[in-house]
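Peer 1: From first to last, the protein sequence lines are chains P and Y. Just so we're on the same page, the working numbering is the position in the first sequence counted from 1, plus 1. Just so we're on the same page, the working numbering is the position in the second sequence counted from 1, plus 2.
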Amino acid sequence: MRIKNTEIIDTFAEAFEMWAARVVITADSPEWAQAAAQSMTGFATSVISCKCEAGVETVLEPADTPDGRPGIAVLLFTMDSKSMIKRLVERIGQCVMTCPTTACFNGLESEDTVPAGGQLRYFGDSYQSSKLLDDRRYWRIPVMEGEFLIDEKFGMQPAVGGGNLLILGRQVDDALPATTAAVDAMRNVSGVILPFPNGVVRCGSKPGSSYKGLMASTNEAYCPTLRGIAPHSSVPEDVNAVFEIVIDGLDEASVGEAMRLGAQAAATAGAVQISAGNYGGNLGKYKFDLHKLLAS
Amino acid sequence: MSLQLTLHTSPEVPLEAEVLTPEALDSLKPAGVSALTLRHGNEAVNVGEFFRVSGSADEELRVEGELGMVKLLGAGMQKGRLLIDGHVGMHLGVNMAGGEIRVTGNAGDWVGPHMIGGRIVVEGSAGHMIGSAYRGSPKGMLGGEIVIHGDIGNEAGNAMRRGLIAIGGNSGDFTGVNKIAGSIIVLGQLGTRTGAGMKRGTIVSMRDAELLPTFSFACRYRPLFLDFYLRHLRKLGLTIDESWLGARYRRWSGDSIEFNRGEVLLLDQ
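(1) Beta strand (DSSP E) containing residue 60 of chain P: first to last residue?
(2) With 16 other CB atoms within 10 Å as the buried threshold, where does residue 241 of chain P fall?
(3) From residue 209 of chain P to residue 231 of chain P, what does the alpha carbon distance come to, in whole angstroms?
(4) Got a sec? Which residues, its chain only, sit under 7 Å from residue 257 of chain P by beta carbon, not counting five neighbours each side?
(5) Beta carbon of residue 278 of chain Y, beta carbon of residue 24 of chain Y: below 7 Å?
(6) Report the option in Y/57, Y/80, Y/112 and Y/99 whose CA atom is closest to the CA atom of residue 72 of chain Y.
(7) Kindly indicate which three-state DSSP category residue 191 of chain Y falls into: helix, strand or coil?
(8) If you check the beta carbons only, do residue 139 of chain Y and residue 166 of chain Y fall under 7 Å apart?
(9) Using 8 Å for Cβ pairs, my map puts residue 85 of chain Y next to residue 22 of chain Y. What's the rounded Cβ distance?
(10) Report the option in P/29, P/163 and P/92 whose CA atom is closest to the CA atom of residue 252 of chain P.
(11) Identify the contact partners of residue 28 of chain Y in chain P, using a Cβ-Cβ distance below 9 Å as the criterion.
(12) Beta-carbon within less than 8 Å of residue 261 of chain P's beta-carbon, same chain only, minus the 5 sequence neighbours each way: which residues are those?
(13) Residue 229 of chain Y versus chain P: which residues are under 8 Å apart at the beta carbon?
(14) May I have the straight-line CA-CA distance separating residue 17 of chain P from residue 148 of chain Y, to the nearest angstrom?
(15) For the region 194–214 of chain Y, enumerate the residues whose C-beta is nearer than 8 Å to any C-beta of chain P, in chain order.
(16) What residues are listed by DSSP as bridge partners for residue 287 of chain P?
(17) Within this structure, are the beta carbons of residue 141 of chain P and residue 148 of chain P separated by less than 7 Å?
(18) For residue 93 of chain Y, count the other beta carbons within 10 Å of its own beta carbon; 16 or more makes it buried, fewer makes it exposed. Which is it?
(19) For residue 157 of chain P, which beta-bridge partners are listed by DSSP?
(20) Give me the chain Y residues within the contact set of residue 1 of chain P, using Cβ-Cβ distance strictly less than 8 Å, ordered along the chain.
(21) From Y/247, Y/257, Y/47 and Y/120, pick the residue whose C-alpha is nearest to that of residue 298 of chain P; which is it?
(22) Cα separation between residue 103 of chain Y and residue 63 of chain Y?
(23) Does residue 251 of chain Y pass the burial test, meaning 16 or more other C-beta atoms within 10 Å, or should it be called exposed?
(24) Of all Cβ atoms in chain P, is any one closer than 7 Å to the Cβ of residue 251 of chain Y?
(25) Are residue 142 of chain Y and residue 114 of chain Y close, meaning C-beta to C-beta below 7 Å?
(26) Output, in sequence order along the chain, the residues in the region 233–252 of chain Y whose CB is closer than 9 Å to any CB in chain P.
(27) Determine the closest residue to residue 198 of chain Y out of Y/265, Y/123 and Y/226, with distance taken between C-alpha atoms.
(28) Can you tell me where the beta strand (DSSP E) with residue 221 of chain Y in it begins and where it stops?
(29) Taking the alpha-carbon positions, what's the residue 27 of chain P to residue 62 of chain P distance?
(30) Measure from the C-beta of residue 223 of chain Y to each C-beta in chain P and report whether the shortest distance is under 7 Å.
(31) Judging by CA-CA distance, which residue of Y/217, Y/229, Y/244 and Y/225 is the nearest neighbour of residue 263 of chain Y?
(32) With three or more beta-carbon pairs closer than 8 Å as the criterion, would you say the region 107–127 of chain P touches the region 35–48 of chain P?
(33) Give me, in chain order, the residues of the same chain whose beta-carbon lies closer than 8 Å to that of residue 270 of chain Y; leave out the 5 immediate sequence neighbours on both sides.
(34) Taking the alpha carbon of residue 237 of chain Y as the point to measure from, which residue in Y/168, Y/54, Y/201 and Y/209 has its own alpha carbon closest?
(35) Kindly provide the ranges of any alpha helix (DSSP H) runs that are 4 or more residues long and lie completely inside the region 53–111 of chain P, ordered along the chain.
(36) Tell me residue 109 of chain Y's beta-bridge partners as DSSP assigns them.
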């Protein structure tokens, strides 16, 4: 399949079951909300080393936040439901509660909830208090600038992690603009995040390593420098740079839609080839076939 | 269509009407409702001796007439709507657990004593002891919401444990006396001795107030949680000035003769 001059490889991205929560951060100004969101989603690129994946889903106008202030919606993904509470408490406690003027609210209605605010309240050292309004409990934790307000419970739901696109170009100079064009297009899809820096990964990985104990290592099949060395290379002769975009989403449809829009944008922006990473279909529950996505 | 009860004979002494709740009448036809027993002073009387009954039940009960001598309407109510057109007597919604009571006129003393859940809205004023514990009871209101558009008397929220009492006008003395927790918001003027003996919880006013010497000034700050309450009350029909949202309030802690974890928040003028 081709879109303009871009070859779309007949392959699929393999994705996994994860659990997701949506955290709405508000503050007196968009800048402080952004600062908290940036901190909370820092070092959350891959569960392999970061224990969770997180990113900014969208910027919220005051009219769309619970307290009428500027806000940011953050999505956080974990490999299982059990670890969600720990990740939320760590990241909200260290990155949002610490940030001036912020408050933190649940942004996902679900029957499955974790008491992140209910645990963070203990920071109040018995001076905390709660308010119950419309069946929703808020905790007021005294801090040096006033109070930190947080929902007691945060919803979580099964989600999809690890959707991906590989974007191949002649050089970094043209592969990267094609990739960022894809990122820009994907950011318009609600319910997804791109957890890597600016949404882009340059060191795509494969599971396992020749070294014992390493869970992941470089994906030599897509390293241009290893085209003559690696046992198998997927880098065509006219390609000298490959970037990956990883997509986590609240459901299969949103991940698929983000991949579709991203692939179209990358092709329009001059990618030589678009492919996707998989493990032979043996590991992940979800398969996103590139040709099917782009035909829809 | 709702079930409608219209008072046709004014009671000479208080008429105790705790049987009149939407769920109690839900399965009854007008004749069955008319045959129910009320207490008129020390006499047992039928509903039909005082009320004309019409319509059919659909979880909504309308009661109209001069009901100032009718007590205990909506007692123990758990669901549905009770609409009272006019003034109503004491003990409205005692032990109420759910549903909504709305009164277009004034209410007497003891609105929602020992209330657990649901909502009472009085579009006029109300008497003393709103949302309070009966004398001798250690805990009063345990949940739910009482919204009075007008003024109220003394001892609102006496020993309340949870829930919300909101007053559009002024409150009398001893607002929140012996309060264990919960929230009282008075948009008008507080009376004297506010929060005497309170342990935890919140009392808010948009006017200045003289507090007991056992309350200590903490700070001026913006209590974000309060915006949620004010917006909620605006939806319920109270007039909320836009300037109160996101505003600074003076926080007083007390009562130090008790647990000292309560707060009085006064709009910083």
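Where a beta carbon is used, it is the ideal one built from N, C-alpha and C, also for glycine. Model, not experiment: these values are computed from the prediction.
Peer 2: Once the coordinates are examined:
(1) Along the first sequence, read from residue 1 onward, the residue named residue 60 of chain P stands at position 59. That run of the beta strand (DSSP E) goes 54–61.
(2) Translated into the one-based positions of the first sequence, residue 241 of chain P becomes position 240. Residue 241 of chain P comes out buried.
(3) Counting from 1 along the first sequence, the entry for residue 209 of chain P is found at position 208. Counting from 1 along the first sequence, the entry for residue 231 of chain P is found at position 230. Taking the straight line from one Cα to the other gives about 16 Å.
(4) Here the question's residue 257 of chain P lines up with position 256 in the first sequence. The residues are 289 and 294.
(5) The structure shown does not extend to residue 278 of chain Y, since chain Y is modelled only from 3 to 271, so the question has no answer here.
(6) As a position in the second sequence, residue 72 of chain Y is number 70, starting the count at 1. Cα-wise, what sits closest to residue 72 of chain Y is Y/112.
(7) To locate residue 191 of chain Y, count along the second sequence from 1; it is residue 189. Coil, per DSSP.
(8) The sequence position of residue 139 of chain Y within the second sequence is 137, counting from 1. The sequence position of residue 166 of chain Y within the second sequence is 164, counting from 1. No. Outside cutoff.
(9) Here residue 85 of chain Y is taken as the residue at index 83 of the second sequence, counted from 1. Here residue 22 of chain Y is taken as the residue at index 20 of the second sequence, counted from 1. Rounded, the Cβ-Cβ distance is 12 Å, inconsistent with contact.
(10) Counted from its first residue, the first sequence places residue 252 of chain P at position 251. Looking from the CA of residue 252 of chain P, the closest CA among P/29, P/163 and P/92 belongs to P/163.
(11) In the second sequence, counting from the first residue as 1, residue 28 of chain Y sits at position 26. Against chain P, a Cβ distance below 9 Å from residue 28 of chain Y picks out nothing, because the smallest value is about 24 Å.
(12) Taking the first sequence and counting its residues from 1, one reaches residue 261 of chain P at position 260. Beyond the five residues adjoining it in sequence on each side, residue 261 of chain P comes within less than 8 Å, by CB distance, of 294, 295 and 297 in the same chain, given in chain order.
(13) On the second sequence, residue 229 of chain Y is found 227 positions in, with the first residue counted as 1. What residue 229 of chain Y touches in chain P: 68 and 69.
(14) Along the first sequence, one-based indexing puts residue 17 of chain P at 16. Along the second sequence, one-based indexing puts residue 148 of chain Y at 146. Answer to the nearest angstrom: the Cα atoms are 49 Å apart.
(15) So the close ones are 202 and 204.
(16) Taking the first sequence and counting its residues from 1, the one referred to as residue 287 of chain P is at position 286. Under DSSP, residue 287 of chain P takes part in a beta bridge, and its partners are P/16.
(17) Taking the first residue of the first sequence as position 1, residue 141 of chain P is located at position 140. Taking the first residue of the first sequence as position 1, residue 148 of chain P is located at position 147. Yes, these two residues count as a Cβ contact at 7 Å.
(18) By one-based count along the second sequence, residue 93 of chain Y stands at place 91. Buried, since its Cβ has 16 or more Cβ neighbours within 10 Å.
(19) Here residue 157 of chain P refers to the residue found at position 156 when the first sequence is read from its first residue. According to DSSP, which records beta bridges pairwise, residue 157 of chain P is partnered with P/22.
(20) Chain P is shown from 2 up to 297; residue 1 of chain P falls before or after that span and cannot be answered.
(21) Coverage of chain P is limited to positions 2 through 297, which leaves residue 298 of chain P absent and any answer about it impossible.
(22) Walking along the second sequence from the start, residue 103 of chain Y turns up at place 101. Walking along the second sequence from the start, residue 63 of chain Y turns up at place 61. Straight-line measurement puts the Cα of residue 63 of chain Y at about 10 Å from the Cα of residue 103 of chain Y.
(23) By 1-based counting over the second sequence, the position of residue 251 of chain Y is 249. With 16 or more Cβ atoms within 10 Å of its Cβ, residue 251 of chain Y is classed as buried.
(24) Mapped onto the second sequence, residue 251 of chain Y falls at position 249. Output row for residue 251 of chain Y: interface = no.
(25) Taking the first residue of the second sequence as position 1, residue 142 of chain Y is located at position 140. Taking the first residue of the second sequence as position 1, residue 114 of chain Y is located at position 112. No Cβ-Cβ contact shorter than 7 Å links residue 142 of chain Y with residue 114 of chain Y.
(26) For the region 233–252 of chain Y, the set of residues with a beta-carbon nearer than 9 Å to any beta-carbon of chain P comprises 233, 234, 247 and 248, in chain order.
(27) Position 196 of the second sequence, counted from the first residue, corresponds to residue 198 of chain Y. The shortest C-alpha separation from residue 198 of chain Y is found at Y/265.
(28) On the second sequence, position 219 is the one that residue 221 of chain Y refers to. Run containing residue 221 of chain Y: 218–223, per the beta strand (DSSP E) assignment.
(29) Counting from one through the first sequence, the residue named residue 27 of chain P turns up at place 26. Counting from one through the first sequence, the residue named residue 62 of chain P turns up at place 61. Each residue's CA atom was taken as its position, placing residue 27 of chain P and residue 62 of chain P some 10 Å apart.
(30) Looking up residue 223 of chain Y in the second sequence gives position 221. Interface criterion met: the Cβ of residue 223 of chain Y is under 7 Å from a Cβ in chain P.
(31) In the second sequence, the residue the question calls residue 263 of chain Y occupies position 261. With distances taken between Cα atoms, residue 263 of chain Y lies closest to Y/217.
(32) These segments do not touch.
(33) Within the second sequence, residue 270 of chain Y is the residue found at index 268, counting from 1. The residues are 222, 249, 250, 251 and 252.
(34) Residue 237 of chain Y sits at position 235 when you count from the first residue of the second sequence. Answer by Cα proximity: Y/168.
(35) DSSP runs (the alpha helix (DSSP H)) wholly in the region 53–111 of chain P: 85–92.
(36) The residue given as residue 109 of chain Y occupies position 107 in the second sequence. Answer is Y/90.
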